[in-house]
Amino acid sequence: MMKNVKPIFVIICGGSGSGKTTVANLIQESIPKTASCEVISLDWFYLSKDRIKTTNYDSPEAIDWFEVREAIKFLIEEKTETKIPIYDFISQTVTEKKTIKPADVIILEGILSLTNEDVNRYADIKLYIDVPDDERLIRRLLRDIKTRNTDIEKTIKMWRETVIDMHHEYVEPKKYISDIVIPWGNGKQNMVPIKAVAGALEYMIYSTKNRKRNEIIDVKTNAVAKKKKQYVPSEKL
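In terms of my numbering, the sequence shown has 222 at position 30, counting the first letter as 1, and numbering is strictly consecutive.
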């Protein structure tokens, strides 16, 4: 990416099990290979068990928003790489840090990704994935059993006690402030809106880069012209 070009920041929101990570990866794959794209998961930024003040992991209070804002600031404003803490759901601690480099497109995806105004103000495109509650529960059950070592009873208990209420309080209302709502589907069923977003990003990337290149050329051309104008050859004796 050109260092003096602001990265395009995309936020993808949606309920637990709505397919945010899948959509983010599909958008990343649809962007031309000549452009760079980084996907950041809000799940990486959960507070570790020694710092968290709530047992409700579907509440904005469970997120380390300071780290989120710092990461976005480095990548978007300063255009420098940053180390992001990676939260481990099994140990409930931050187990490592991952280096993320500046890119033409930065995607942040997560259930609470549109709940912080300091992060929202950086967004160029806000997406919301709209999936019915029953389908999301099925997807979450399959995911928790496979990747988070959680039994069915515990997942259902969390869903009933916190997940569904927090979804309706914090997540679903963000559908109405989003630029694009992607309807229910999975994988290729969602490719029309995904391709549309990727096409919009491609246009934004190259129109911005071309404008910056033209500005640089204009500055250099004007500087050369000014220098020539100021040059006065000495008179021959």
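Positions of the beta carbon are idealized from the N, C-alpha and C atoms, including for glycine.
Just so it is clear, the structure is predicted and the values come from calculations on it, not from any experiment.
Between T347 and R328, the gap from beta carbon to beta carbon reaches 8 Å or more. Only buried fits H359, as 16 or more other CB atoms lie within 10 angstroms of its CB. Contact check for Y320 and V355: beta-carbon distance about 17 Å, past the 8 Å limit, so the pair fails to qualify.
Around the beta carbon of L334, fewer than 16 other beta carbons sit within 10 angstroms, so the residue counts as exposed. C-alpha of M383 to C-alpha of K290: approximately 29 Å in a straight line. Taking 4 residues as the shortest admissible run, the region 199-282 contains the following complete alpha helix (DSSP H) segments, listed from N- to C-terminal end: 212-222, 257-264. Classified as exposed, A388 has fewer than 16 neighbouring CB atoms from the shown chains inside 10 Å of its CB. For the pair N308 and V260, the CB atoms are nearer than the 8 Å cut-off. For K289, the uninterrupted beta strand (DSSP E) run begins and ends at 285-292, by DSSP. In the displayed model, Y320 falls within a strand according to three-state DSSP.
Nearest to A254 by C-alpha distance, out of I200, K265, D242, is D242. Per DSSP, L329 is one residue of the alpha helix (DSSP H) stretching across 325-339.
The shortest CA-to-CA distance from E361 to any of R340, I303, Y398 is the one to I303. I374: member of the beta strand (DSSP E) spanning 372-374, first to last residue. By the CB criterion at 8 Å, L306 and I386 fall outside the cutoff. DSSP, read as helix, strand or coil, puts I298 in strand. Cβ atoms of V231 and I264 stay farther apart than 8 Å, at about 13 Å. Counting C-beta atoms within 10 angstroms of its own C-beta, F237 has 16 or more neighbours from the protein chains shown and is therefore classed as buried. Under the three-state reduction of DSSP output, I303 falls in the coil class, being neither helix nor strand. Shown here for T287: same chain residues with a beta carbon closer than 7 Å to its own, the five before and five after excluded, namely I278, D280 in chain order.
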